[in-house]
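At position 44 of the sequence shown (counting the first as 1) the number is 26 in the numbering used here, and the numbers step up by one without a gap. Cβ atoms here follow ideal geometry from the backbone N, Cα and C, with glycine treated the same way. Bear in mind that the values here come from a model prediction, so they are computed numbers and not experimental data. Beneath this line is the structure, given in structure tokens, with notes to follow.
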Amino acid sequence: MKILLVEDDKHLSKAMCEMLKTVADVTPVYDGDEALYIFEQSNIYDLVILDIMLPGADGFTVLKAIREKSKSPVMMLTARDSVRDKVKGLNLGADDYLTKPFYRDEFLARVEALLRRSNNSFQGLQLKFKNLEFDITHKTVTIDGKQVEIVGKTYDILEYLVRNQDIIIPKEQLFNRVWGIDSETVWSVVEVYVSNLRKVLREYGYDGYLKTLRNVGYMWSEKNQESREDTL
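Structure representation (structure tokens):
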């Protein structure tokens, strides 16, 4: 699970990252403009924790931008116990609200509840494409009822692409989702894994749905199957 933490108080941000380290991978940012940039580049987060009072774009502006492209849960943070702020945030699409200062146990309980909601929204839906089916809980794939050797990060790539069918996924976004935004692994590893995934899918006649858009990224789609590129 991945969390984007947007909090300009670096001491508080560090403390929150420490609290969350056993719960999820956390990416901390310290101003609204940086949050907008990161989310625009890498829409990969299972939860966003978002302060209202930020340098640059404020939390409401960031929330509105997030809701234009993502259904990821958002927890708003504020030092002001203002009903007006809470109503505004909830109307813009926030899922929860927490007033600072807060208790560690309450914070973690709220975070874990939102992550469960995010995860259950995936697990509660059957992910299937034709005769290609996913067991989300055990991270396995079957085609025509037969389990296929697609595991680990290769599984993560395939699930993410199929879940976002007909959407172009930039290579950077795919890398950040699977390996993590702070990973020291080089981007070229994506091409290696996609190439291996394509070889496995080819055995079952599904490689045509995995499309490469040269210098852009990848897309899972059954549209214009015959025009796909067979490059990485």
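G199 bridges to which residues according to DSSP? P152, L195
Which two residues bound the contiguous alpha helix (DSSP H) that contains T43? 41 to 49
Output yes or no for whether 8 Å exceeds the beta carbon distance between A17 and V11. yes
Taking the alpha-carbon of L192 as reference, which of S170, E166, N146, E154 has the nearest alpha-carbon? N146
Secondary structure at D212, three-state DSSP: helix, strand or coil? Because the pLDDT of D212 is 45, which lies under 50, any placement of that residue in the model is unreliable, and the question is left without a value.
Using a Cβ-Cβ cut-off of 7 Å (strictly less than) and excluding sequence neighbours within five positions of R180, which residues of its own chain qualify? D189, L192
Is it buried or exposed, W169, if we count other Cβ atoms within 10 angstroms and call 16 or more buried? exposed
With DSSP as the reference, please indicate the residues paired to Y79 in a beta bridge. M58
Continuous alpha helix (DSSP H) stretch holding V172: start and end: 170 to 184
Decide if D63 is buried, meaning its Cβ has at least 16 other Cβ atoms within 10 Å, or exposed. exposed
Do you know how far the Cα of V(-12) is from the Cα of M35? 10 Å
Alpha helix (DSSP H) segments (min. 4 residues) lying fully within the stretch 83 to 150: 86 to 105, 134 to 145
Secondary structure at V5, three-state DSSP: helix, strand or coil? coil
Looking only at DSSP bridge pairs, what is D33 linked to? L59
Mark G187 as exposed unless 16 or more other C-beta atoms lie within 10 angstroms of its C-beta, in which case mark it buried. exposed
In angstroms with no decimal places, state the Cα-to-Cα distance between D78 and I26. 20 Å
Among the residues of its own chain, which have a CB less than 8 Å from the CB of D(-10), if the five just before and after it don't count? Y12, D13, D33, M35, L36, P37
Start and end of the beta strand (DSSP E) containing K(-16)? -16 to -12
Taking the DSSP output, what are the residues bridged to V65? Answer is none; V65 lacks a bridge partner.
Tell me, please, whether the CB atom of E173 is closer than 8 Å to any CB atom in chain D? Absent here is chain D; the protein component of the structure consists of one chain.
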